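Below: the structure, in structure tokens.
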Amino acid sequence: MLILSIIGSLIYFVTQRWHLFPASVILKALGMAPLALIAFRLWSAEGKTDPAHRDLVILGLALSFSCLGDIFLDLGSSRFFIHGLSSFLVAHLIYIVLFYRSWKRPLRPSFSQLSLLILILIYSLLMANWLSPSLGAFANPVMIYVCVITAMVLSSILAGFSKPWIWIGAVLFLISDSIIAAGKFKGGVPFRDILVWSTYYVGQYGIAIGYLHEKLGEKTS
Numbered sequence: 000m001l002i003l004s005i006i007g008s009l010i011y012f013v014t015q016r017w018h019l020f021p022a023s024v025i026l027k028a029l030g031m032a033p034l035a036l037i038a039f040r041l042w043s044a045e046g047k048t049d050p051a052h053r054d055l056v057i058l059g060l061a062l063s064f065s066c067l068g069d070i071f072l073d074l075g076s077s078r079f080f081i082h083g084l085s086s087f088l089v090a091h092l093i094y095i096v097l098f099y100r101s102w103k104r105p106l107r108p109s110f111s112q113l114s115l116l117i118l119i120l121i122y123s124l125l126m127a128n129w130l131s132p133s134l135g136a137f138a139n140p141v142m143i144y145v146c147v148i149t150a151m152v153l154s155s156i157l158a159g160f161s162k163p164w165i166w167i168g169a170v171l172f173l174i175s176d177s178i179i180a181a182g183k184f185k186g187g188v189p190f191r192d193i194l195v196w197s198t199y200y201v202g203q204y205g206i207a208i209g210y211l212h213e214k215l216g217e218k219t220s
């Protein structure tokens with residue numbers, strides 16, 4: 000399944016500039032769908048008997064809504080922008096629940112965690128302020144989305160996972176969406192498609208595989 004995800008992602012990465020519809024939709028979906036299936040399969044094998052692994056179904060749902068968002072955006076970023084935005088909004092909310100469930104109680108963030116939190120908040124505030132004059136009718140949904148994706152990144156940092164891959168993946172997800180927003184509302188971004196897909200896929204892969212390794216160790220193969 001991992002190989003299918005990686006191969007689908009690489010083929011989409013190479014061919015996306017030609018937008019070979021409908022093959023492009025299938026290839027794009029192949030990036031996230033296998034990762035979601037891995038999470039559901041492992042939940043079915045592990046989570047139903049081990050309460051500690053039941054959160055795997057939450058991961059699968061987040062990846063499934065992300066896959067749906069990918070499909071909407073590939074069908075047409077103008078026509079289906081709100082549909083894609085809504086799908087990713089739900090994915091981020093699910094991720095927030097997932098990460099929150101891994102917070103240590105009582106929550107005592109380290110200095111490095113607090114520093115990262117401040118940097119992410121500053122970045123999001125600056126991005127929102129920069130985008131705001133150009134959003135027009137999309138102002139409310141985009142600002143809500145900025146708040147939610149920022150909360151998702153912050154929650155991943157506060158989870159304090161043993162390896163950094165999950166919060167790094169969340170940050171890459173934020174960067175990917177920032178590039179999409181800059182391209183849509185502020186004009187051309189050099190190498191936009193390359194930057195968006197590479198940061199997005201590596202980010203999602205880092206979140207998914209990082210979380211699976213965190214919970215299951217080597218059972219992710």
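For the sequence shown, the residue numbers in numbering that gives the first Met the number 0 are 0 to 220. Using N, Cα and C, we set each Cβ at its ideal position, and we do this for glycine too. Note that the structure is predicted; figures quoted are calculated from it, not measured.
Kindly list the residues whose CB is nearer than 7 Å to the CB of residue i, restricted to its own chain and excluding five residues on each side of it in sequence; keep chain order.
{"i": "Ala127", "result": "Met142, Val145"}
{"i": "Ile57", "result": "Ile93, Val96, Leu97"}
{"i": "Ala28", "result": "Cys66, Asp69, Ile70"}
{"i": "Ile10", "result": "Leu26"}
{"i": "Val147", "result": "Leu88, His91, Leu92"}
Are the CB atoms of residue j and residue i within a distance shorter than 8 Å?
{"i": "Gly159", "j": "Lys103", "result": "yes"}
{"i": "Val152", "j": "Ala169", "result": "yes"}
{"i": "Ala61", "j": "Ala90", "result": "yes"}
{"i": "Ser86", "j": "Phe64", "result": "yes"}
{"i": "Val201", "j": "Leu157", "result": "no"}
{"i": "Leu124", "j": "Phe184", "result": "no"}
{"i": "Ser154", "j": "Tyr99", "result": "yes"}
Going by DSSP, what residue range makes up the alpha helix (DSSP H) through residue i?
{"i": "Leu106", "result": "Run containing Leu106: none; DSSP gives neither H nor E here."}
{"i": "Ala22", "result": "22-41"}
{"i": "Ser161", "result": "Taken as a continuous stretch (DSSP letters only), Ser161 belongs to no alpha helix (DSSP H), as it is neither H nor E."}
{"i": "Val201", "result": "191-215"}
{"i": "Leu62", "result": "55-74"}
{"i": "Val13", "result": "1-14"}
{"i": "Leu19", "result": "Neither: Leu19 is in no alpha helix (DSSP H) and is coded neither H nor E."}
Within the same chain, show all residues whose beta-carbon is closer than 6 Å to that of residue i, passing over the 5 residues directly before and after it, in chain order.
{"i": "Val59", "result": "Inspection of the sequence shows that residue 59 is occupied by Gly rather than by Val. The residues are Ala35, Ala38, Phe39."}
{"i": "Glu217", "result": "Low confidence applies here, because Glu217 scores a pLDDT of 48, under 50, leaving its location unreliable; read the following figure in that light. Excluding residues within five positions, none has a Cβ falling inside 6 Å."}
{"i": "Phe12", "result": "Trp196"}
By Cβ distance below 8 Å, which residues in the same chain neighbour residue i in space, the five residues on each side in sequence not counted?
{"i": "Ile178", "result": "Val188, Arg191, Leu194, Val195, Thr198"}
{"i": "Ser220", "result": "Reliability fails at Ser220, whose pLDDT of 47 lies under 50, so the model's placement of it is uncertain and no value is given."}
Strictly under 8 Å for the Cβ-Cβ distance: is residue i near chain C by that measure?
{"i": "Met126", "result": "Looking at the structure shown, chain C is missing, and only one protein chain is on hand."}
Check: Would you say the region 106-114 touches the region 64-80, given that touching needs at least three Cβ pairs under 8 Å?
Finding: no
Margin query: For the region 202-209 against the region 32-47, do three or more pairs of beta-carbon atoms, one drawn from each stretch, fall closer than 8 Å, so that the two count as touching?
Written below: yes
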